[in-house]
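Asker:
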Amino acid sequence: MRAGLCSLTIFVFMGYNLRAIEISKTYRRDSMKSKMLVPSKELVQDAKAGGYAVGAFNAVNMEAAQAIFAAAEREKSPLIIQVTQTTISYTEPEELAAVIHTLAERTTVPVALHLDHGRSFRLTMRFLKMGFTSVMIDGSLQEDGKTPRSYEENVAVTKKVIEAARSLGVSVEAEIGRLGQIGEDSGIALTDVDEAVKFVEDVKFDGTGIDMLAVAIGTRHGLFKGKPVIRSDRVKELSEALDMPLVMHGGTGVPDEDVRKGIEAGICKVNIDTQIRVAFYDAIRDVVMEKEKEYAAADAAGDPKKYDIRKILAPGRDAMTDAIAEKMRLFGSAGKA
Ligand code: 13P
Numbered sequence: 003m004r005a006g007l008c009s010l011t012i013f014v015f016m017g018y019n020l021r022a023i024e025i026s027k028t029y030r031r032d033s034m035k036s037k038m039l040v041p042s043k044e045l046v047q048d049a050k051a052g053g054y055a056v057g058a059f060n061a062v063n064m065e066a067a068q069a070i071f072a073a074a075e076r077e078k079s080p081l082i083i084q085v086t087q088t089t090i091s092y093t094e095p096e097e098l099a100a101v102i103h104t105l106a107e108r109t110t111v112p113v114a115l116h117l118d119h120g121r122s123f124r125l126t127m128r129f130l131k132m133g134f135t136s137v138m139i140d141g142s143l144q145e146d147g148k149t150p151r152s153y154e155e156n157v158a159v160t161k162k163v164i165e166a167a168r169s170l171g172v173s174v175e176a177e178i179g180r181l182g183q184i185g186e187d188s189g190i191a192l193t194d195v196d197e198a199v200k201f202v203e204d205v206k207f208d209g210t211g212i213d214m215l216a217v218a219i220g221t222r223h224g225l226f227k228g229k230p231v232i233r234s235d236r237v238k239e240l241s242e243a244l245d246m247p248l249v250m251h252g253g254t255g256v257p258d259e260d261v262r263k264g265i266e267a268g269i270c271k272v273n274i275d276t277q278i279r280v281a282f283y284d285a286i287r288d289v290v291m292e293k294e295k296e297y298a299a300a301d302a303a304g305d306p307k308k309y310d311i312r313k314i315l316a317p318g319r320d321a322m323t324d325a326i327a328e329k330m331r332l333f334g335s336a337g338k339a
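Numbering (my numbering), first residue to last: 3 to 339.
#1: Taking only the alpha-carbon atoms, compute the straight-line gap between Pro41 and Ala198 and give it to the nearest angstrom.
#2: Ala61: which of Ile70, Tyr54 and Arg76 sits nearest, CA to CA?
#3: Helix, strand or coil for Leu225? Go by DSSP, reduced to three states.
#4: Please report the distance separating the alpha-carbon of Leu315 from that of Gly57.
#5: If you draw a straight line from the C-alpha of Ala55 to the C-alpha of Gln84, how long is it?
#6: Per DSSP, Val249 is paired with what?
#7: Are the CB atoms of Gly141 and Thr160 within a distance shorter than 8 Å?
#8: Thinking C-beta only, is Ala325 closer than 8 Å to Gln277?
#9: Go to Met330, then tell me how far its alpha helix (DSSP H) extends in each direction, as first and last residue.
#10: Who pairs with Thr254 in a beta bridge, going by DSSP?
#11: In whole angstroms, what is the alpha-carbon distance linking Ile212 and Lys200?
#12: Closest to Val195 by CA distance: which of Leu240, Gln47, Ala285 and Ala300 is it?
#13: Using a C-beta cutoff of 8 Å, does Phe282 count as contacting chain C?
#14: Given Gly253, which residues of its chain have a CB within under 6 Å of its CB, disregarding the five upstream and five downstream residues?
#15: Taking all protein chains shown into account, do 16 or more other C-beta atoms lie within 10 angstroms of the C-beta of Ala339, making it buried, or fewer, making it exposed?
#16: Enumerate in chain order the residues of its own chain whose CB-to-CB distance from Leu192 is below 8 Å, with the five nearest sequence positions on each side excluded.
#17: Does the separation of the CB atoms of Ser181 and His251 fall below 8 Å?
#18: Would you call the segment 104–111 and the segment 161–172 in contact, with 3 or more CB pairs under 8 Å?
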């Protein structure tokens with residue numbers, strides 16, 4: 003009798019659970035109309051045809067990834083979310099990739115997951131294994147990110163990555179010329195038109211080549227001191243000679259007018275990292291300063307203090323979302339998803 007009751011309970015419980023699973027599957031199907039991850043080639047080609055650019059935003063942690071997806075949803079914008087290999091010094095990229103895959107399942111806009119500045123074949127393969135749909139092989143510099151590679155070395159490593167990525171349908175971005183960082187005085191070289199044309203031909207593997215090219219046109223990674231000189235004339239020459247989507251790196255601090263001119267001239271992907279981190283930082287600094295006052299008052303009154311770090315991180319995430327949404331409107335990708 004007892005055993006019968008027990009199995010009846012299990013049966014009712016299982017039936018109930020199966021129904022719950024069915025309901026949740028239906029809910030996911032109906033409400034999450036995810037288009038899942040796409041190769042970035044599709045997004046930049048649409049941008050080229052439509053005369054706008056897709057923003058590529060760097061995610062360094064869960065909050066940044068959430069902000070990037072939230073902005074894309076809010077603006078109904080196609081999105082490239084990217085992770086740079088230096089993230090390895092902060093977190094295992096597999097952990098971050100798992101967060102991004104989960105967010106991608108729930109989004110309604112087309113999203114590409116891109117490796118930013120992959121510097122070696124071995125590392126690029128690690129990101130391909132994580133389900134990235136797009137990779138950049140930056141063959142302009144050695145693995146240390148400082149020492150220049152020769153033209154021949156750049157061609158060899160780029161070609162190897164194209165060979166591996168092709169079979170998986172993964173898009174490839176390469177770089178010719180050298181952008182450099184703010185604060186670095188050496189190693190900067192504007193992209194030469196003839197060299198770029200030769201590079202795009204030389205890296206072809208079995209007839210197929212890169213899907214987009216990062217070009218050095220006066221931008222640098224990081225915060226500019228003073229007004230940068232952005233060579234949209236060079237973008238136009240490159241775009242006419244190559245007829246391929248071009249990428250503006252170092253989008254932080256580039257005046258809106260120069261961004262617009264660059265897009266008109268042929269930029270189809272704009273990378274932004276520092277500027278959204280600044281938005282995050284400024285917001286959490288303000289909250290921390292307020293909290294300091296609150297905690298001092300609590301100390302004086304002998305009251306308990308709550309160190310709820312979510313209350314610090316959430317305003318940072320919100321400020322980052324706003325900063326990204328603003329860029330999507332500037333790039334013209336808002337409303338294109
Ligand atoms: P910024 O940090 O200057 O925005 O550059 C981002 C970038 O180009 C990443 O590849």
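In this text, a Cβ means the ideal position worked out from N, Cα and C, and glycines have one as well.
Answerer: Checking against the coordinates, here is how it stands:
#1: 23 Å
#2: Ile70
#3: coil
#4: 23 Å
#5: 15 Å
#6: Ala216 and Lys271
#7: yes
#8: yes
#9: Arg312 to Phe333
#10: DSSP lists no partner for Thr254.
#11: 13 Å
#12: Leu240
#13: Absent from the structure is chain C; it holds one protein chain and no more.
#14: Val272, Asn273 and Ile274
#15: buried
#16: Gly179, Ala218, Ile219, Gly220, Arg233 and Arg236
#17: What sits at residue 181 in the sequence shown is Leu, not Ser. Closer than 8 Å, so yes.
#18: no
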